[in-house]
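Chains as they are written, first to last, in the numbering used here: chain A, 473 to 694; chain B, 2 to 232; chain C, 63 to 157.
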Amino acid sequence: MTSALWTHLVKDLRIEWRSREAINSMLFFALLVVVLFSLSFDPRGAFSRDISGGVLCVATMFASVSALNQAWAREIRHQVLDAQRMAPTSGSQMFMAKVLANFFFVSMVQLLLAPVFLVFYNLHILGNAWLLALVLPLGTWALVANGTFFAALSINSRNRELLLPLILFPIFMPALMAMVNATTGIFTGAFDPAVWIKLLAGYDIIYTTVSIMLFDTILRAE
Amino acid sequence: MRKILLGLFAAMTTVLMVWGFHLAVNAPAEMMQGDAYRIIFYHVPSAMVAFLFFAVSMAGSIGYLAYREKNPTRALAWDGWAVAGAEVGVVFCTVVLVTGPLWGYRAWGIWWAWDARLTTTLLLWLIYVSYLLLRRFAGGSQMRTSSAVLGIFGGIAVPIVYISNRIPGQHPGPVFGGDSSSGMAPEILRPFLGNILAWLCWGLVVLILRHRLELKQQAAAARDAEQALNA
Amino acid sequence: MKKIAARIAAVIPIALLAWAIYTLLSAPPEPPGDWRLHMTQAQHDLAVAPIDHAYRVAAYTVTWAIQMGFLAWMGLKWTAQTRDGSEDAHGTRRS
């Protein structure tokens, strides 16, 4: 049963490894966003540590959207979705594979960007830095899972690229709040981020479950 | 028959609205706040109606998905409630978001605060506006299914946002003291409840009219499709 | 007849909105922050009352502007439906 998921996942990773276009564009876009934010909100200021969590999360968000817009482009070009509708496997396995692949790419970008970010903001993490290894993946998963789902949702819309952020960002806001509060708690060490991490985990579980349940509905919507 | 009933209901609603207005402007003066406190007679009922209609919209989305294959006609009716609930809900929510700051500025000196209630309301408004945008931009036959799915996602987000805002921490905001009928003086309670009833009836009239309009548009679209097919 | 009704329906919410903005802008200025040095509480309440009234009137007017605007929009859609519908019933296509 999981072989379909594995097949799709390996396919996505392999194609991306050969061209590396999504990762490169995401990386550069995220870097641009971090620089823009550093120019706009003074990183030398007294409150820079308070806002740095938010800046990191928003930079990740904008970077991911540039990749999510292209999430299903290959599948549309090569009629993969039609083939999937006729295949006996459930569409949700293809969906999960795509989410996992995108999650991997965005996490790569975050890992490469984090040192740059620490340098620009002169961050000394006052809280428990290892918790970042929990918070960032959870937040990224929320973004990527919802983003991939909504990218599939808006496939047949007129302004697909414009519509995706419009419908993704409002739904993503609870996760963004949790992620920003958790990272701020870790960076500043001022409060315990545990409750925000739990909220983020809850959000991930709920929305991933609903997405898996409803993916076949939108795949076979016609 | 139904038209007559709706007309009677609309007439009764108009009377209620006028009565509600009369009660509101003649409500006794409140100790700490001036005339501005009377904004709550329009602000709070609108919020209640907005939340109720967003729940109606989510129910409509679920109903549409449930009946989509078994009973297409009924599914379309449910989809009508989904879009009607969303649109009228957005209208009432806009009223809430505009009258709220006007009241807040006079009462507390601030236009906005990021506490649980305001953030949830703003987020609801954003989610359902994005729902309406999807309905406008999405193409063809998938539009109803896609928007029904988005409606469900949006409905789930609401309790999550509300809970996340109740967590004390980073951004304490001024607490909205004494909302609803907790500790409300009886002289203020009467105009308050009266206006809740009046706005609820008004909202229902508008919702039913919007649903009728949606059914008409669906019928027209089906007619056009049939003509195109037979042409 | 319907066109005139549609025009009136569109003008009312805009007029209400303009009236609300005018009411807000023409509210008297607030007493300065250090008013306790110049006036008693009673005088302050007297000075502030028209401002409160202006805000309430603006809030009510904006509410009605939004509600009427939505009704007007629905009315426009309704008449567009009826127009198209009745012409289809006669079998002629709208050109």
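For glycine and all other residues, C-beta sits at the position ideal for the given N, C-alpha and C.
{"Asked": "Proximity test, Cβ basis, 7 angstroms: A:Met-651 and chain B", "Found": "no"}
{"Asked": "Alpha helix (DSSP H) runs contained entirely in the segment 82 to 127 of chain C, provided each spans 4 or more residues", "Found": "none"}
{"Asked": "Same chain only: Cβ atoms within 7 angstroms of A:Gly-563, ignoring 5 sequence neighbours per side", "Found": "Gln-556, Phe-687, Asp-688 and Leu-691"}
{"Asked": "CB contact check: B:Thr-15 to chain C, cutoff 7 angstroms", "Found": "no"}
{"Asked": "Where the segment 668 to 688 of chain A meets chain B: residues whose CB sits under 8 angstroms from a CB there", "Found": "Trp-668, Leu-671, Gly-674, Tyr-675, Ile-678, Tyr-679, Val-682 and Leu-686"}
{"Asked": "Per-residue DSSP class, three states only, for B:Ser-47", "Found": "helix"}
{"Asked": "Same chain, Cβ closer than 6 angstroms to B:Asp-80, neighbours up to 5 away in sequence not counted", "Found": "Tyr-65 and Arg-145"}
{"Asked": "Chain-ordered chain A contacts of B:Thr-146 [CB-CB under 8 angstroms]", "Found": "Thr-689, Ile-690 and Ala-693"}
{"Asked": "Pairwise C-alpha distance: B:Ala-221 and A:Ser-512", "Found": "52 angstroms"}
{"Asked": "7 angstroms Cβ cutoff, B:Gln-143 in contact with chain A", "Found": "yes"}
{"Asked": "Per-residue burial, C:Glu-92 [other beta carbons within 10 Å of its own, 16 or more giving buried]", "Found": "exposed"}
{"Asked": "is_contact[C:Tyr-117, chain B] using C-beta, thresh 7 angstroms", "Found": "yes"}
{"Asked": "Buried/exposed call for B:Pro-73, threshold 16 Cβ in 10 Å", "Found": "exposed"}
{"Asked": "7 angstroms Cβ cutoff, C:Lys-139 in contact with chain B", "Found": "yes"}
{"Asked": "Opposing strand residues paired with A:Ala-502 [DSSP bridges]", "Found": "DSSP lists no partner for A:Ala-502."}
{"Asked": "Three-pair Cβ contact test at 8 angstroms for the segment 533 to 540 of chain A versus the segment 614 to 631 of chain A", "Found": "yes"}
{"Asked": "Own chain, CB closer than 7 angstroms to B:Val-50, minus 5 neighbours either side, in chain order", "Found": "Phe-93, Trp-200, Leu-201 and Gly-204"}
{"Asked": "Residues near B:Ala-25 by beta carbon distance below 7 angstroms, same chain, minus five either side", "Found": "Arg-39, Phe-42, Pro-192 and Asn-196"}
{"Asked": "DSSP beta-bridge partners of A:Ser-629", "Found": "B:Ala-139"}
{"Asked": "Contacting positions in the segment 87 to 101 of chain C - beta carbon closer than 8 angstroms to chain B", "Found": "none"}
{"Asked": "Among A:His-480, A:Asn-574 and A:Ile-523, the one whose alpha carbon lies nearest that of A:Glu-493", "Found": "A:Asn-574"}
{"Asked": "Complete alpha helix (DSSP H) runs within the segment 534 to 560 of chain A (minimum length 4 residues, chain order)", "Found": "545 to 549 and 552 to 558"}
{"Asked": "Exposed unless 16 or more other CB atoms sit within 10 angstroms - verdict on B:Trp-245", "Found": "Because chain B in this structure spans residues 2 to 232, residue 245 of chain B falls outside the shown range and cannot be described."}
{"Asked": "Three-state secondary structure (DSSP) of C:Ala-71", "Found": "helix"}
{"Asked": "Neighbour list for C:Ala-134 in chain B, Cβ cutoff strictly below 9 angstroms", "Found": "Within 9 angstroms Cβ-Cβ: nothing; C:Ala-134 doesn't reach chain B, min ~12 angstroms."}
{"Asked": "Span separating the alpha-carbon of C:Gly-137 from that of B:Ile-5", "Found": "19 angstroms"}
{"Asked": "Beta carbon proximity, B:Ser-58 to chain A, threshold 7 angstroms", "Found": "no"}
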